[in-house]
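Below is one structure; the comments refer to it alone.
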Amino acid sequence: MFGDWRGVTWHSPEDQEYRSVKPFDMFVPEACAAFLPPFDSVHYHYFGEELYDTGYSFGAYLERLLASRGFWYWPQTLCRELAESAEAAAFRRVMPVVFPDHDDALFRPTPR
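Quick note on the numbering used here: the sequence shown kicks off at 168 and runs consecutively.
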(Lines of atoms letter the chains of each structure in order from A; the text may use other names.)
(Lines give C-alpha, C1' and ligand atoms only; values in the text may rest on other atoms or scores of the structure.)
Protein backbone atom coordinates (compact mmCIF):
# COMPACT_ATOMS: atom_id res chain seq x y z
CA MET A 168 0.00 0.00 0.00
CA PHE A 169 2.85 2.38 0.71
CA GLY A 170 4.75 1.99 -2.58
CA ASP A 171 4.28 4.14 -5.65
CA TRP A 172 2.57 1.28 -7.60
CA ARG A 173 4.38 1.98 -10.87
CA GLY A 174 3.63 -0.86 -13.27
CA VAL A 175 0.40 -1.70 -11.46
CA THR A 176 -1.87 1.36 -11.22
CA TRP A 177 0.23 3.53 -13.53
CA HIS A 178 2.96 2.78 -16.08
CA SER A 179 4.76 5.86 -17.39
CA PRO A 180 5.75 9.27 -16.00
CA GLU A 181 3.13 10.83 -18.30
CA ASP A 182 0.41 8.62 -16.81
CA GLN A 183 -1.02 10.77 -14.01
CA GLU A 184 -4.65 9.64 -13.93
CA TYR A 185 -4.20 6.71 -11.51
CA ARG A 186 -0.90 7.65 -9.90
CA SER A 187 -2.43 8.53 -6.51
CA VAL A 188 -4.43 5.26 -6.27
CA LYS A 189 -3.28 3.20 -3.25
CA PRO A 190 -4.48 -0.44 -3.53
CA PHE A 191 -5.15 -2.40 -0.35
CA ASP A 192 -7.48 -5.26 -1.34
CA MET A 193 -6.30 -6.97 -4.52
CA PHE A 194 -9.07 -9.56 -4.76
CA VAL A 195 -8.22 -10.48 -8.38
CA PRO A 196 -5.03 -9.77 -10.41
CA GLU A 197 -6.69 -7.06 -12.52
CA ALA A 198 -8.72 -5.12 -9.93
CA CYS A 199 -8.60 -3.90 -6.36
CA ALA A 200 -10.16 -1.78 -3.68
CA ALA A 201 -8.08 1.29 -3.05
CA PHE A 202 -7.68 4.54 -1.22
CA LEU A 203 -7.65 7.69 -3.32
CA PRO A 204 -6.35 10.61 -1.28
CA PRO A 205 -7.82 13.00 -0.22
CA PHE A 206 -11.16 11.10 -0.27
CA ASP A 207 -12.28 9.20 2.84
CA SER A 208 -14.18 6.54 0.92
CA VAL A 209 -12.91 3.32 -0.64
CA HIS A 210 -12.69 3.15 -4.43
CA TYR A 211 -12.93 0.23 -6.87
CA HIS A 212 -10.10 0.27 -9.41
CA TYR A 213 -9.80 -1.87 -12.53
CA PHE A 214 -6.08 -1.39 -13.10
CA GLY A 215 -5.30 1.32 -15.60
CA GLU A 216 -8.86 1.59 -16.92
CA GLU A 217 -11.60 2.41 -14.39
CA LEU A 218 -11.93 4.04 -10.99
CA TYR A 219 -15.23 4.29 -9.09
CA ASP A 220 -16.07 5.61 -5.64
CA THR A 221 -17.93 3.04 -3.52
CA GLY A 222 -19.11 5.78 -1.17
CA TYR A 223 -18.25 3.54 1.80
CA SER A 224 -15.75 4.27 4.56
CA PHE A 225 -12.93 1.82 5.23
CA GLY A 226 -14.83 0.39 8.22
CA ALA A 227 -18.02 -0.10 6.22
CA TYR A 228 -15.99 -1.66 3.39
CA LEU A 229 -14.38 -4.14 5.80
CA GLU A 230 -17.79 -5.10 7.18
CA ARG A 231 -18.96 -5.87 3.65
CA LEU A 232 -15.72 -7.65 2.74
CA LEU A 233 -16.25 -10.07 5.63
CA ALA A 234 -19.92 -10.57 4.72
CA SER A 235 -19.00 -11.17 1.06
CA ARG A 236 -16.29 -13.69 1.97
CA GLY A 237 -14.33 -12.00 -0.83
CA PHE A 238 -16.54 -13.70 -3.39
CA TRP A 239 -16.27 -12.80 -7.07
CA TYR A 240 -16.17 -9.08 -7.97
CA TRP A 241 -18.26 -8.14 -4.95
CA PRO A 242 -16.96 -4.49 -4.71
CA GLN A 243 -18.77 -3.74 -7.98
CA THR A 244 -22.08 -4.11 -6.11
CA LEU A 245 -21.14 -1.01 -4.09
CA CYS A 246 -20.50 1.26 -7.10
CA ARG A 247 -23.45 3.09 -8.61
CA GLU A 248 -21.93 2.79 -12.11
CA LEU A 249 -21.33 -0.97 -11.82
CA ALA A 250 -24.20 -2.19 -9.63
CA GLU A 251 -25.92 -3.75 -12.66
CA SER A 252 -22.78 -5.19 -14.28
CA ALA A 253 -22.54 -8.86 -15.25
CA GLU A 254 -20.13 -9.44 -12.35
CA ALA A 255 -22.46 -7.82 -9.80
CA ALA A 256 -25.41 -9.81 -11.18
CA ALA A 257 -23.40 -13.05 -10.91
CA PHE A 258 -22.49 -12.20 -7.31
CA ARG A 259 -26.15 -11.61 -6.43
CA ARG A 260 -27.27 -14.78 -8.19
CA VAL A 261 -24.64 -17.19 -6.83
CA MET A 262 -23.86 -15.78 -3.38
CA PRO A 263 -27.13 -16.92 -1.71
CA VAL A 264 -26.70 -20.39 -3.21
CA VAL A 265 -23.16 -20.78 -1.86
CA PHE A 266 -23.80 -18.92 1.42
CA PRO A 267 -27.46 -19.21 2.54
CA ASP A 268 -26.97 -16.55 5.26
CA HIS A 269 -26.07 -13.93 2.62
CA ASP A 270 -27.65 -10.49 3.24
CA ASP A 271 -27.90 -8.77 -0.14
CA ALA A 272 -28.99 -5.49 1.48
CA LEU A 273 -25.34 -4.87 2.42
CA PHE A 274 -24.29 -4.87 -1.22
CA ARG A 275 -25.87 -1.73 -2.64
CA PRO A 276 -24.46 1.65 -3.61
CA THR A 277 -24.71 4.29 -0.90
CA PRO A 278 -27.71 6.61 -1.17
CA ARG A 279 -26.89 9.99 -2.68
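C-beta: ideal position from N, C-alpha, C; glycine also. Values in this document were obtained by computation on a predicted structure and should not be read as measured data.
Non-local C-beta neighbours of Tyr240 in its own chain, meaning closer than 6 Å and more than five positions away in sequence, comprise Glu254, ordered along the chain. In this chain, the beta strand (DSSP E) harbouring Ala198 covers Ala198 to Phe202.
Distance check between Arg236 and each of Gly226, Glu216, Phe258 and Arg247 places Phe258 closest, using alpha-carbon atoms only. Tyr213 is bridged by DSSP to Ala198 and Glu217. Annotated as proximal: Ala198 and Tyr211, with beta-carbon spacing under 8 Å. For Arg260, the enclosing alpha helix (DSSP H) stretches over residues Ala253 to Val265. Between Ala250 and Pro278, the C-beta spacing is not below 8 Å. Exposure of Ala256 is indicated by the presence of fewer than 16 other C-beta atoms within 10 angstroms of its C-beta.
Separation of Tyr185 and Gly215 (C-alpha to C-alpha, rounded to the nearest whole angstrom) is 7 Å.
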